[in-house]
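What follows is one structure encoded as structure tokens, with my remarks underneath.
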Amino acid sequence: MTSDRSSHAAHAQGLLRFIDSSPSPFHVVATGSEMLRGAGFVETDIGVMSNGQPGRHFVARDGALLAWVVPDGATSSTPFRVVGAHTDSPNLRLKPEPTANGFGYRRLGVEVYGGVLLNSWLDRDLGLSGRIAVRGADDTVDQVLVKIDDPILRIPQLAIHLDRDINDKGLLLNKQHHVAPVFGLTSPNASTIWDVVTAAAGVSANDVIGADLMVHDTQSSQLIGVDEEFISAPRLDNQLSCHAALTALSGVSNSDHIAMVVLFDHEEVGSVSATGAATNSLPLLLEAISGDAAGHAAALADSLFVSADNAHATHPNYPERHEPAHHIALNGGPVLKHNANQRYTTDAISEGMFKLAAERAGVSTQAFVNRTDMGCGSTIGPTVSALLGMRALDVGCPQLAMHSCRELAGTNDPWDMTLLLAELLS
Numbered sequence: 055m056t057s058d059r060s061s062h063a064a065h066a067q068g069l070l071r072f073i074d075s076s077p078s079p080f081h082v083v084a085t086g087s088e089m090l091r092g093a094g095f096v097e098t099d100i101g102v103m104s105n106g107q108p109g110r111h112f113v114a115r116d117g118a119l120l121a122w123v124v125p126d127g128a129t130s131s132t133p134f135r136v137v138g139a140h141t142d143s144p145n146l147r148l149k150p151e152p153t154a155n156g157f158g159y160r161r162l163g164v165e166v167y168g169g170v171l172l173n174s175w176l177d178r179d180l181g182l183s184g185r186i187a188v189r190g191a192d193d194t195v196d197q198v199l200v201k202i203d204d205p206i207l208r209i210p211q212l213a214i215h216l217d218r219d220i221n222d223k224g225l226l227l228n229k230q231h232h233v234a235p236v237f238g239l240t241s242p243n244a245s246t247i248w249d250v251v252t253a254a255a256g257v258s259a260n261d262v263i264g265a266d267l268m269v270h271d272t273q274s275s276q277l278i279g280v281d282e283e284f285i286s287a288p289r290l291d292n293q294l295s296c297h298a299a300l301t302a303l304s305g306v307s308n309s310d311h312i313a314m315v316v317l318f319d320h321e322e323v324g325s326v327s328a329t330g331a332a333t334n335s336l337p338l339l340l341e342a343i344s345g346d347a348a349g350h351a352a353a354l355a356d357s358l359f360v361s362a363d364n365a366h367a368t369h370p371n372y373p374e375r376h377e378p379a380h381h382i383a384l385n386g387g388p389v390l391k392h393n394a395n396q397r398y399t400t401d402a403i404s405e406g407m408f409k410l411a412a413e414r415a416g417v418s419t420q421a422f423v424n425r426t427d428m429g430c431g432s433t434i435g436p437t438v439s440a441l442l443g444m445r446a447l448d449v450g451c452p453q454l455a456m457h458s459c460r461e462l463a464g465t466n467d468p469w470d471m472t473l474l475l476a477e478l479l480s
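Following this line, the structure appears as structure tokens:
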């Protein structure tokens, strides 16, 4: 892997395709699984994921994806290099009974998922995605992915004539009343949302027995700016890191470590779920790969967990919201994140490992810390490192408009992040 202008542009275009193919965590797993198969990885059943044999393996479950490369000659004490990211992003998710019609409109009842910038979802052409559960053979439950990119939904903003003080007092949105998407007008023969979903999935409405569906932006991801220096896309937090991690792992061949990528769901709501970072899936997998307790303890002592999750770039219109001595620039390189209260996991030793890897990769880096008088977000890093007792660091690409329906990043940073993760995995 090398760093040049053409590499940056080609990788950015690949990221755009990845994001547009992945409007839900379930689609991230499907898209990521195809990337892994193309790189020679073999899917392993979740019940027998203890395969510690040399080779390239992955496990896909719901919105989580775990992949690893065991080198020839690996022993029970071979250390791990693990990169973790998350597949979910803040959005609006359909309620079990989503019908919310009123005043002649067909509307959907939605629940706010994660820390959503609600105003960013207004006046956008929106689609619907996720998965439905359908009746399978012999009374089983099968999963069918749904991806409707047609602009079937819209949340219209109230006209300024009816809210004259909005520009002075700000926009206040009630999650229950003000963010219900409109998808049509009521009439006796009007289609229901289930008519649309089942038609897109190619299944009978009678066979649908469950659903995890969410709203997404239908505008294609693209490079913008007069010199195409920016990436405009939904879900950059954290699909950018997912794509970089999978690309880096795909390039791993001979290594002194067992290289692994873990993509968890539900980070935006606390990670406590069967497919979140707080699950025991990763500890069990690492133990199984090592094979014996003594070797495993030795392996963990020399291992590293890298939490890859985007970082706040300094906003040019709000510089006062940032730590003055830590200017974070788009296209300035991957950002190492620090927090004395352990919201991020970076310490002096993992910082040193990060900087040496960046030097080998030929990548410029930046350092982020919050203003002392402002609260700090967190990542899967503290959760996973506490579960494993593994040294860890937090790193991410800089971006603006985090948790917006539409986010902004630098065109060059994703490839530099990939080069850095490849070094950390090797």
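Here the working numbering = 1-based position in the sequence shown + 54.
Every residue, glycine too, gets a C-beta built ideally from N, C-alpha and C.
Predicted, not measured: the structure shown is a model, and the values here were computed from it.
field: Cβ-Cβ separation, LEU384 to PHE408 (assumed contact under 8 Å), whole Å
entry: With 8 Å as the limit, PHE408 and LEU384 do not qualify as a contact, their Cβ atoms being about 20 Å apart.
- prompt: What is the rounded straight-line gap between the Cα of MET428 and the Cα of GLU165?
  reply: Going by the C-alpha atoms only, they are around 28 Å apart.
- prompt: Given that a residue counts as buried once 16 or more other Cβ atoms are within 10 Å of its Cβ, and exposed if not, what is VAL417?
  reply: Here VAL417 is buried, its C-beta having at least 16 other C-beta atoms within 10 Å.
message: Assuming LEU447 and SER404 are in contact, meaning their beta carbons sit under 8 Å apart, how far apart are those beta carbons, in whole angstroms?
response: LEU447 to SER404, Cβ: 4 Å. Contact.
message: Is the separation between the beta-carbon of ASP363 and that of THR252 shorter than 7 Å?
response: THR252 sits away from ASP363, with the two beta carbons spaced by 7 Å or more.
Segment limits, alpha helix (DSSP H) that includes PHE80: Residues 79 to 92.
- prompt: Between the region 204 to 219 and the region 282 to 300, do at least 3 Cβ pairs fall closer than 8 Å?
  reply: For the pair of segments examined, the region 204 to 219 was found not to touch the region 282 to 300: the number of CB pairs separated by less than 8 Å stays below three.
message: Given this structure, state the Cα-to-Cα distance separating LEU227 from LEU171, to the nearest angstrom.
response: Spanning the two alpha carbons is a distance of roughly 10 Å.
query: What does DSSP give as the partner residues of MET268 in its beta bridges?
result: MET268 pairs with ARG147, SER183.
- request: Helix, strand or coil for LYS229, going by three-state DSSP, please let me know.
  value: Of the three classes helix, strand and coil, the one that applies to LYS229 here is coil, per DSSP.
query: Taking the continuous beta strand (DSSP E) assigned at SER286, which residues delimit it?
result: Per DSSP, SER286 belongs to the beta strand (DSSP E) from 284 to 287.
query: Leaving out the 5 sequence neighbours to the left and right, which residues in its chain are closer than 7 Å to GLN197 when beta-carbon positions are compared?
result: Cβ neighbours of GLN197 beyond the five flanking positions: ARG185, ALA187.
- request: Find the nearest neighbour of ARG135 within the set LEU473, VAL360, LEU317, judged by alpha-carbon distance.
  value: When each option's Cα is compared against that of ARG135, the closest is VAL360.
Spatial distance of ASN145 from MET268 (CA atoms): ASN145 and MET268 have their C-alpha atoms roughly 7 Å apart.
C-beta contact flag for ALA331 and VAL315 at 7 Å: Going by C-beta atoms, ALA331 is not nearer than 7 Å to VAL315.
- request: Spell out a yes or no on whether the region 451 to 458 and the region 335 to 353 are touching, meaning 3 or more CB-CB pairs, one atom from each, closer than 8 Å.
  value: No: fewer than three Cβ pairs fall under 8 Å.
task: State the Cα-Cα distance for the pair ALA394 and LYS223, rounded to the nearest angstrom.
output: For ALA394 and LYS223, the distance between alpha carbons rounds to 35 Å.
Host beta strand (DSSP E) of PHE157 (start-end): Going by DSSP, PHE157 is part of no beta strand (DSSP E) at all; its letter is neither H nor E.
- request: Please decide whether THR472 counts as near chain D, where near means a Cβ-Cβ distance under 7 Å.
  value: Annotation note: the requested chain D is absent from the structure, which comprises a single protein chain.
field: Distance, HIS376 Cα to PHE318 Cα
entry: Near 29 Å, if we compare the C-alpha coordinates of HIS376 and PHE318.
message: Less than 7 Å between C-beta atoms, sequence neighbours within five positions excluded: which residues of the same chain meet that for ARG414?
response: Closer than 7 Å at Cβ, skipping near neighbours: GLU477.
message: SER357 and PRO133 - do their beta-carbons sit closer together than 7 Å?
response: A distance below 7 Å separates the beta carbons of PRO133 and SER357.
query: For VAL323, which of ASP116, LEU90, TYR167, GLY92 has the nearest alpha-carbon?
result: Distance check between VAL323 and each of ASP116, LEU90, TYR167, GLY92 places TYR167 closest, using alpha-carbon atoms only.
message: Per the DSSP calculation, HIS140 is bridged to which residue(s)?
response: Note: HIS140 sits in a beta bridge opposite PHE318.
- request: Can you give me the start and stop residues for the alpha helix (DSSP H) that ALA302 sits inside?
  value: From DSSP, the alpha helix (DSSP H) with ALA302 extends over 290 to 304.
message: Relative to the C-alpha of ALA367, which candidate in ASN424, THR329, GLU88, GLN396 has its C-alpha closest?
response: Comparing Cα positions, the closest option is ASN424.
- request: Compare the Cα-Cα distances from PRO242 to each of GLY117, ALA313, SER60, GLY158 and report the closest residue.
  value: Ranked by Cα distance from PRO242, the first of GLY117, ALA313, SER60, GLY158 is GLY158.
message: If you reduce the DSSP assignment to three classes, tell me which class ASP427 lands in.
response: DSSP places ASP427 outside both helix and strand once states are collapsed to three, so it counts as coil.
message: Helix, strand or coil, according to DSSP, for ASP363 in the structure here?
response: Residue state, collapsed to three classes: coil.
query: What three-state label does DSSP hand PHE95 in the structure shown?
result: Note: PHE95 maps to coil in three-state DSSP.
- prompt: Less than 7 Å separating the beta-carbons of SER174 and LEU462?
  reply: For SER174 and LEU462, no; Cβs fall outside 7 Å.
message: Closest to PRO205 by C-alpha separation, out of ARG178, ARG147, ASP219, GLY106, would be which residue?
response: Nearest of ARG178, ARG147, ASP219, GLY106 to PRO205, Cα basis: ARG178.
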